[in-house]
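Chemist:
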Amino acid sequence: KLINSFENLSNELLYEIFDYLDAYAIYKVFSNLNTRFQALLASSSLRLKIDLRFHSQDILQYCSTHIVTPNKDKIISIIWPYFYDYESNFTLFNIDSSFNRLDSLTLRDIESNQLIKGEP
40 KLINSFENLS NELLYEIFDY LDAYAIYKVF SNLNTRFQAL LASSSLRLKI
90 DLRFHSQDIL QYCSTHIVTP NKDKIISIIW PYFYDYESNF TLFNIDSSFN
140 RLDSLTLRDI ESNQLIKGEP
């Protein structure tokens with residue numbers, strides 16, 4: 040019964056719920072449910088927040104390939120923590136002008152000389 044009730048929520052309300060979730064969680068939970076949710080995830084109305092903290096290298100690679108790359112125009116924020124292997128992780132997520140809705144980029148625990156030189 041809960042599933043039927045959740046599926047009956049309006050698209051607008053679902054987008055409001057998605058605003059509280061990380062993009063990885065949204066895709067992990069909703070991407071394979073049914074065609075309606077696939078359409079919601081493909082819609083230009085979707086606003087994605089990428090939080091790269093607390094993820095393994097495998098999940099970072101998945102996020103890069105399956106979430107970030109095909110959805111650059113939907114991403115509104117990215118939280119980027121310091122990584123041990125900073126340089127290789129930085130290349131996974133090439134931030135460029137195709138991120139046309141990006142409002143916030145938070146770089147955590149990264150020294151300014153690392154950004155300028157691109158060194159760990």
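Start counting the sequence shown at 40; every next residue gets the next number (our numbering).
Beta carbons: idealized from backbone N, C-alpha and C, even for Gly.
Whole angstroms are fine: how far does the CA of aspartate 61 sit from the CA of alanine 81?
Modeler: Distance between the alpha carbons of alanine 81 and aspartate 61: 16 Å.
Chemist: If I measure Cβ to Cβ from leucine 144 and keep anything under 6 Å in the same chain, skipping five residues before and after, which residues do I get?
Modeler: Excluding residues within five positions, the ones whose Cβ falls inside 6 Å are Ile117.
Chemist: Once the 5 residues before and after leucine 53 are set aside, which same chain residues still bring their CB inside 7 Å of it?
Modeler: The residues are Leu79.
Chemist: What would DSSP say about isoleucine 134, mapped onto helix, strand or coil?
Modeler: Three-state result, isoleucine 134: coil.
Chemist: Along the chain, which unbroken stretches of the alpha helix (DSSP H) at least 4 residues long are found entirely within the segment 67–101?
Modeler: Those alpha helix (DSSP H) runs which fall completely within the segment 67–101 and span 4+ residues are 74–81 and 96–101.
Chemist: Grab me the residues of serine 44's own chain with a C-beta within less than 7 Å of its C-beta, minus the 5 sequence neighbours each way, in chain order.
Modeler: Hits under 7 Å: none found.
Chemist: Assign tyrosine 63 to buried or exposed, taking buried as 16 or more other Cβ atoms, counted over all protein chains shown, within 10 Å of its Cβ.
Modeler: Its Cβ being crowded by 16 or more others within 10 Å, tyrosine 63 is buried.
Chemist: So, for leucine 85: in the same chain, excluding its five sequence neighbours on each side, which residues have a beta-carbon less than 6 Å away from its beta-carbon?
Modeler: Counting only Cβ-Cβ distances below 6 Å, and skipping sequence neighbours, we find Lys113.
Chemist: Considering Cα atoms alone, identify which of His94, Glu46, Asn133 and Phe138 is closest to threonine 74.
Modeler: Cα-wise, what sits closest to threonine 74 is Glu46.
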